[in-house]
Structures are given as C-alpha cells and as structure tokens.
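>
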Amino acid sequence: ARRDREAALAVQRQQAEEKAATAAETAQRRAEERRVQQVNLQLAQSRRGTGVPRAERPGDIFDARRNTGRVPADVTTLDRQVAERRAREEHDKAEAAAYGEAAWREQQEQLAEERRRKEEA
Numbered sequence: 409a410r411r412d413r414e415a416a417l418a419v420q421r422q423q424a425e426e427k428a429a430t431a432a433e434t435a436q437r438r439a440e441e442r443r444v445q446q447v448n449l450q451l452a453q454s455r456r457g458t459g460v461p462r463a464e465r466p467g468d469i470f471d472a473r474r475n476t477g478r479v480p481a482d483v484t485t486l487d488r489q490v491a492e493r494r495a496r497e498e499h500d501k502a503e504a505a506a507y508g509e510a511a512w513r514e515q516q517e518q519l520a521e522e523r524r525r526k527e528e529a
C-alpha cells in the first residue's frame, strides 16, 4: 500500500512538473507576443508624421480601409490574425485560470492527506 501511495505521489509530482513547464512555456510565448506587439505599435507611432501614405502605415490599416474606398489586400488576413490571436489569448486565460484552480485543489488534497498521515502515525 505504501509503495502504491509513493508511486501515485511520484506520478502526481511528475504531472505537476509537466503542467508547470507548459505554463512557463505559455507565459514565455505570451511575453514574446507582447514584445512583438509593442515593437509594432512603436513602429506604427514612429511613422505617424512621416508623410508615408496612410495605407502603407502598419498601425493604420483599418483607417485606410475607412478612408479610401478600397481595401488593402492584407486587411482580411490581418483581421483573421487579430481574431485568432484574441481567441488564443482568451483560451490561454481560461486555461490558466482552470490550471490555477486545479493546482490549488491538488495542493489542498495533498496537505489534507499529509495531516491524516501525521494523525495516523
């Protein structure tokens, strides 16, 4: 019984480590995406007063669609990318919340189990 418990704990520990690793990777990926977004925003802002035609400034692609009657070719792909990114961010947020809750529950269960063991001993 003791070996079984130790094996189960080892498996739980491994799963927790894997979850932590994936969470860290996700956080790293998000940070990288934020950095890229920031750089793009700075680029767009730096080009605001340079006399570059509106449609060619990356931050103003939607304004370009409103101002001229025509749609730049990459607007639809940009729309899709933005929508996908937002969906991904929402999914990651929900996943992180669920993971946090599950990890907390798991920790509470382990603490309760340790208390029971101490009382038995």
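Every position in the sequence shown, counted from 1, becomes a number in this note's numbering once 408 is added.
Glycine included, every Cβ here is placed at the ideal spot set by N, Cα and C.
Every value quoted in this text rests on a predicted model; they were computed, and no experiment measured them.
#1: So, ALA511 versus LYS427, is the Cβ gap smaller than 8 angstroms?
#2: Starting from the Cα of GLU517, find the closest Cα among LEU417, ASP487, ALA504 and give me that residue.
#3: Figure out for me which residue from GLU503, ALA502, GLU441 has the closest Cα to the Cα of ARG493.
#4: Report yes if the CB atom of ARG421 is closer than 8 angstroms to the CB atom of ASP500, and no otherwise.
#5: How many angstroms separate the CA atom of TYR507 from the CA atom of GLN423?
Looking at the atomic coordinates:
#1: Yes, the Cβ-Cβ distance between ALA511 and LYS427 is below 8 angstroms.
#2: With respect to the C-alpha of GLU517, the residue from LEU417, ASP487, ALA504 having the closest C-alpha is LEU417.
#3: When GLU503, ALA502, GLU441 are compared, the shortest CA-CA separation from ARG493 is found for GLU441.
#4: no
#5: 12 angstroms
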